[in-house]
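According to numbering that gives the first Met the number 0, the sequence shown is numbered sequentially starting from 0. We treat Cβ as the ideally placed atom computed from N, Cα and C, and that holds for glycine. Computed from a predicted model, the values in this text were never measured in an experiment. Okay, so here's the structure we're looking at.
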Amino acid sequence: MVKKEHSRKIDNAKYLDFLKVAQNFEEGARLASEFEYFNAAGVLIIHAAIALADSITIKLASKKSVGENHYEVISLLNEVTPASELKTNSINHFKALIDHKNFVSYSGDIYFKKDVDKLWKHFDRFKSWTEIILK
């Protein structure tokens, strides 16, 4: 039986590329929010957070989570970052974003400003922690 890999090795210098991707997604989400494309904003917010998570795991461990299960990156984040209350809270905010991923992408439901505002709250809190880690 072949064991499925949940991460792959990647040159840790690539973390800057993933950080740039995260910034692009975030900027796109802000523009989409401004023009009231709330479903698009929601998807971009979530993908910005995923790219931030990838940038951390790449910088600290030269590993990137692979596959469709974005919850696996949470395990990788826990593995490669030092324990703290801030980390726990921040990863909980990231998990809340991942919880929304399938809903906003595939449910067919319309997102409104209030929905995106919740995603921004989770994103901004997660991003604050990532900025500390990526210093």
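Simplified DSSP state of residue i, which is helix, strand or coil
i    : result
S74  : helix
Y14  : helix
E35  : coil
S127 : helix
G107 : coil
N68  : coil
L133 : coil
S83  : coil
Status (buried if at least 16 other CB within 10 Å, exposed otherwise) for residue i
i    : result
L43  : buried
A52  : buried
E25  : buried
Y105 : exposed
S127 : exposed
Spatial distance of residue i from residue j (CA atoms)
i    : j   : result
G107 : K63 : 30 Å
I45  : Q22 : 12 Å
L18  : I9  : 14 Å
F34  : A95 : 24 Å
V1   : E67 : Any answer about V1 is weak, because its pLDDT of 48 lies below 50 and its placement is not dependable; what the coordinates show is given next. If I take the Cα positions, the gap works out to 18 Å.
L85  : S61 : 23 Å
R29  : A40 : 7 Å
R7   : I49 : 16 Å
E71  : H5  : 7 Å
L133 : Y36 : 30 Å
S83  : G27 : 31 Å
Reference residue i, options the options, closest by Cα
i    : options                : result
I97  : F111, E78, F125        : F125
I131 : T80, D114, I109        : T80
S54  : R29, G66, D114, L75    : L75
F122 : K100, D16, L59, N77    : K100
W118 : H92, V65, L133, V72    : The sequence given here places Leu at residue 118; Trp does not occur at that position. That would be H92, whose Cα lies nearest to the Cα of L118.
S32  : T129, D114, K134, L133 : D114
A12  : S83, G27, K58          : K58
DSSP bridge partner residues for residue i (one or two, in chain order)
i  : result
R7 : K63
Residue i beta carbon near the ligand GDP (any heavy atom closer than 8 Å)
i   : result
V72 : In the structure shown, the ligand GDP is absent, as is every other ligand, since no ligand is present at all.
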